[in-house]
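To keep things clear, I will list the structure first and then write my remarks on it.
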DNA sequence: GAGCTTGATAAGAATCATTCTTAGATGATA
DNA sequence: TATCATCTAAGAATGATTCTTATCAAGCTC
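Protein chains in written order, with my numbering: chain A, 1 to 131; chain B, 1001 to 1131.
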C-alpha cells in the first residue's frame, strides 16, 4: 500500500487510518461508516466506531473524501474527489457515479447575494436490480 | 383556511393536520419536523411529535410535500411541489429556492439500465448573513 | 535515544432525530 | 347515529452519530 501517497494528507498515519484509507482507495461503492467499520474490523478486530468517525471527519476536513447527503438515514462517503454527479436508486439507495461535465451556471440575478462554491446534481431512478 | 383545498389529499382532516397544513401553506422556509412541531404547538399545546411525523409522512406519500436530503442532521420538508432547485448555505444550512428550468439530460449511455424518474440540482455557497 | 507534547484510540455513555407501540379518541361515511 | 378505520398522544425503542475519559503512540526537541 502506497503510504507515500497519504503523506500529503497532513494527518497522523496510524495503522487503523491506513486500513481505512486502503479500504477507501479506489472504492466506488459510497460506503457508510458502518460499511467501513465492518470491512476494516476484519483486519483490526479492536477497531472502534469512534476511530472510523474520527478518521472520516479528518479526511473530509482535508478535502480527501466527500460526505454525501443522499441517504437521509445515514451519512455515506465518496472517496472519489474528482468532480462528478450521482445517479441514485430510489428503492435500494444504491449510487452510481456520473462522470459528465454538465455546463450549468446559476444566472447572476438568482444568486441572492450568495458567494457560490459549487453544485451537485442528483439523478433519481430505479436500478436494474430493483425493477 | 381553505379546508376545501385539502380534500384532494385523500387523508383524514383532523384539527392537528389542518394546523400543520396551514403552517406549511405558502411557507418558503423548508422547515424541519421540529420547526413544524414548535410552530403548531402554540396553537395545539397537546400536539405530539408522532403526529407531526405521521402527517408529514402521509403528505409525502401523497406527493404534497418533498422530503429534502440536504441537511445530514435532520430531514427538512419543502411545501412547494412545483419543480425547482435549491441554493444552500454551507455555513448556516439555510435554503433558497431556485425557480429556473435547467435543460439537463442524462445521456442514454450513462443511465446504466436505470429507469429515470427525476433530477435535483443543489448549488452550494455562503449566504449574505454568513459572509 | 529520552522525555515531552500533541493527538489518536477504545469503550461505552450520551445525544438526538426518528420510528414504533399502545390505548384511547375521533373523523368519515352510510 | 352507529360503525369502523384511522388518528392522536405519550413515551419507549431504535439507530446513527457524537462525546467522554482514560490510556497510548507518534513525532518533535534536545
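Backbone N, C-alpha and C fix where the C-beta goes; we use that ideal spot for every residue, glycine too.
Owing to the predicted nature of the structure, the values given are computational and were not obtained by experimental measurement.
Candidates the options, of which the one nearest residue i by Cα
i                      : options                        : result
residue 95 (chain A)   : A:14, A:21, A:31               : A:31
residue 89 (chain A)   : B:1029, B:1038, B:1112         : B:1112
residue 1120 (chain B) : B:1029, B:1036, B:1068         : B:1068
residue 116 (chain A)  : B:1130, B:1035, B:1108, B:1081 : B:1130
residue 1012 (chain B) : B:1093, B:1035, B:1077, B:1059 : B:1059
Extent of the continuous alpha helix (DSSP H) run through residue i
i                      : result
residue 20 (chain A)   : 15–24
residue 1057 (chain B) : 1049–1061
Span separating the alpha-carbon of residue i from that of residue j
i                      : j                      : result
residue 9 (chain A)    : residue 33 (chain A)   : 20 Å
residue 1014 (chain B) : residue 101 (chain A)  : 48 Å
residue 24 (chain A)   : residue 51 (chain A)   : 15 Å
residue 1126 (chain B) : residue 104 (chain A)  : 19 Å
residue 1055 (chain B) : residue 1097 (chain B) : 23 Å
residue 84 (chain A)   : residue 1057 (chain B) : 31 Å
residue 1001 (chain B) : residue 1079 (chain B) : Note that residue 1001 (chain B) scores 42 on pLDDT, short of 50, meaning its location in the model is unreliable and no value can be drawn from it.
residue 1123 (chain B) : residue 1091 (chain B) : 13 Å
residue 64 (chain A)   : residue 1086 (chain B) : 25 Å
residue 1036 (chain B) : residue 74 (chain A)   : 22 Å
residue 106 (chain A)  : residue 82 (chain A)   : 21 Å
residue 1026 (chain B) : residue 1066 (chain B) : 14 Å
Beta-carbon proximity list for residue i, same chain, < 6 Å, skipping 5 on both sides
i                      : result
residue 1043 (chain B) : 1019
Where the beta strand (DSSP E) through residue i begins and ends
i                      : result
residue 1038 (chain B) : No beta strand (DSSP E) holds residue 1038 (chain B); the alpha helix (DSSP H) holding it covers 1033–1041.
residue 1008 (chain B) : Note, residue 1008 (chain B): premise wrong, no beta strand (DSSP E); not H, not E.
residue 118 (chain A)  : 115–126
8 Å Cβ shell around residue i - same chain, five flanking residues per side excluded
i                      : result
residue 1016 (chain B) : 1040, 1044, 1047, 1051, 1055
Contacting positions in the region 68–94 of chain A - beta carbon closer than 8 Å to chain B: 69, 70, 71, 72, 75, 87, 89, 90
Residues of the region 99–123 of chain A whose Cβ lies closer than 8 Å to any Cβ of chain B, in chain order: 100, 102, 104, 106, 107, 110, 111, 112, 113, 114, 115, 116, 117, 118, 119, 120, 121, 122, 123
Interface residues of the region 1035–1060 of chain B facing chain A [CB-CB below 8 Å]: none
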